[in-house]
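Number of protein chains: 2
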Amino acid sequence: MYDKYLEMIELELAILIRRITNATNRKLIGVIDRSAYLLLHQIATYGAAGVKALASEFQLDISTVSRQAAALEQKGYLYKIPDPTDGRAYSFQITESGLKVLMETKQIRMNIIEETTKDWTPEEREMLGKLLRKWNQSVIGK
Amino acid sequence: MYDKYLEMIELELAILIRRITNATNRKLIGVIDRSAYLLLHQIATYGAAGVKALASEFQLDISTVSRQAAALEQKGYLYKIPDPTDGRAYSFQITESGLKVLMETKQIRMNIIEETTKDWTPEEREMLGKLLRKWNQSVIGK
DNA sequence: CTATATAATTGTATTATACAAATATTTTCC
DNA sequence: GGAAAATATTTGTATAATACAATTATATAG
């Protein structure tokens, strides 16, 4: 299957990724960086989890997530809950303060998206949202 | 303007970025990494350019691009052309070998996209390509 | 109960990045 | 025309996110 839109998706994804990673890698949006945002978002959405599960979800090394979670715990955005059935294991839950910065950050991000798409029709925004979701679901398991 | 699709775009973009950066940051696709791919792509598409212009295009620090370009020169994918009108300035042009690895890498990326969207209709691929392009154009100048 | 497996943390190295300093050259302007 | 300022690039240094390896503490298997 050749399809000129494959080529378009390839190029535009590359550009999108470059721009967004440049805008969010080093710099903070709100008071937290991208990895912190995703960690808080994951826990806020799916509940408390241990570093192993989080690392698996994010496809990061456990040690990486361990440090990220420890940093967020240090800042008071997460707290550690010992697993009652396994003395080695902990899960991280989000705090009130963590939820607050997550919401603030989400709002800032949504404002950026609103600004970027301010000349779009509602249908275009809807299509982009749905196609990105479909893309992410199509990728699952890869 | 509140729009539930803003929220959907926000979340799905975050997931997309996390997945793609994890898949391309550290690891190579083909024989070059993401930053090398973008640099070669830029030069192949728009012609020879100096580090200042490239850094501006990528919104990276000049020193960062200088090192990236030097690394690609070292590997034989780029070569340096002194600016005849300015003894301080150089531009980088892509070599045959650079073009070859760029094409190979692009093909690998397109194969991944083809695989990811194998159950999509042609119209969905077209819409995603066009909306990503529109997004990237909407972002210009931000 | 000992050996092995596992959850998490900590040590170490690498890499992409930014900012600052250095170098070489060009432009400005008196 | 020459000194001062500006500019293009490279190189030095620091930081942060990451992976892999080693360690620690606990659990499970045989």
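Here the protein sequences line up with chains A and B, keeping their order. Just so we're aligned, residue 1 is where the first sequence starts under our numbering, counting upward by one. Just so we're aligned, residue 143 is where the second sequence starts under our numbering, counting upward by one. Glycine included, every Cβ here is placed at the ideal spot set by N, Cα and C.
So, residue i versus residue j, is the Cβ gap smaller than 8 Å?
i      : j      : result
B:L274 : A:I112 : no
B:I223 : B:S239 : no
B:V207 : A:T116 : no
A:Y77  : A:L38  : no
A:E124 : A:G30  : no
A:I62  : A:K52  : yes
A:Y5   : B:E268 : yes
Distance, Cα to Cα, residue i vs residue j?
i      : j      : result
B:I250 : A:R88  : 42 Å
A:T45  : A:T95  : 13 Å
B:R160 : A:T21  : 9 Å
B:K276 : B:A190 : 26 Å
B:L158 : A:N136 : 6 Å
B:G221 : A:K100 : Note on identity: in this sequence residue 221 of chain B is Tyr, with Gly being the wrong assignment. Going from the Cα of B:Y221 to the Cα of A:K100 covers about 51 Å.
A:K130 : A:T121 : 14 Å
B:Q210 : B:L244 : 15 Å
B:Q216 : B:D228 : 23 Å
B:L270 : B:D261 : 14 Å
B:E149 : A:D3   : 30 Å
A:A14  : B:L155 : 13 Å
B:K284 : A:M110 : With a pLDDT of only 43 at B:K284, under the threshold of 50, the placement of this residue in the model should not be trusted, and no figure is reported.
Comparing C-alpha positions only, which one of the options sits nearest to residue i?
i      : options                         : result
A:A71  : A:P122, A:I32 and A:A53         : A:I32
A:E57  : A:S35, A:T121, A:Q74 and A:L128 : A:S35
A:D83  : A:G50, A:D61 and A:E73          : A:G50
A:L54  : A:L11, A:A23 and A:Q93          : A:Q93
B:L153 : A:K106, A:E126 and A:L13        : A:K106
A:T24  : B:E256, B:L202 and B:E268       : B:L202
Chain A contacts made by the region 260–276 of chain B, where a contact means CB separation under 9 Å:
K260, D261, W262, P264, E266, R267, E268, M269, L270, G271, K272, L273, L274, R275 and K276
Using a Cβ-Cβ cut-off of less than 9 Å, give me the residues of the region 12–24 of chain A that come near chain B, in sequence order.
Within the region 12–24 of chain A, the residues whose Cβ lies closer than 9 Å to some Cβ of chain B are E12, L13, A14, I15, L16, I17, R18, R19, I20, T21, N22, A23 and T24, listed in chain order.
Anything in the region 96–111 of chain A with a Cβ closer than 8 Å to a Cβ of chain B? List those residues in chain order, please.
Taking 8 Å as the Cβ-Cβ cut-off against chain B, the residues of the region 96–111 of chain A that qualify are K106, R109 and M110.
Contained beta strand (DSSP E) runs [length at least 3] in the region 7–64 of chain A, N- to C-terminal order:
none
When Cβ atoms are compared, which residues of the region 201–213 of chain B fall closer than 9 Å to chain A?
Q201 and L202
Threshold first: 3 residues or longer. Then list the beta strand (DSSP E) segments lying entirely within the region 208–250 of chain B, N to C.
220–224 and 232–236
Going along the chain, which residues of the region 28–47 of chain A sit with their C-beta nearer than 8 Å to a C-beta in chain B?
R34, Y37, L38 and H41
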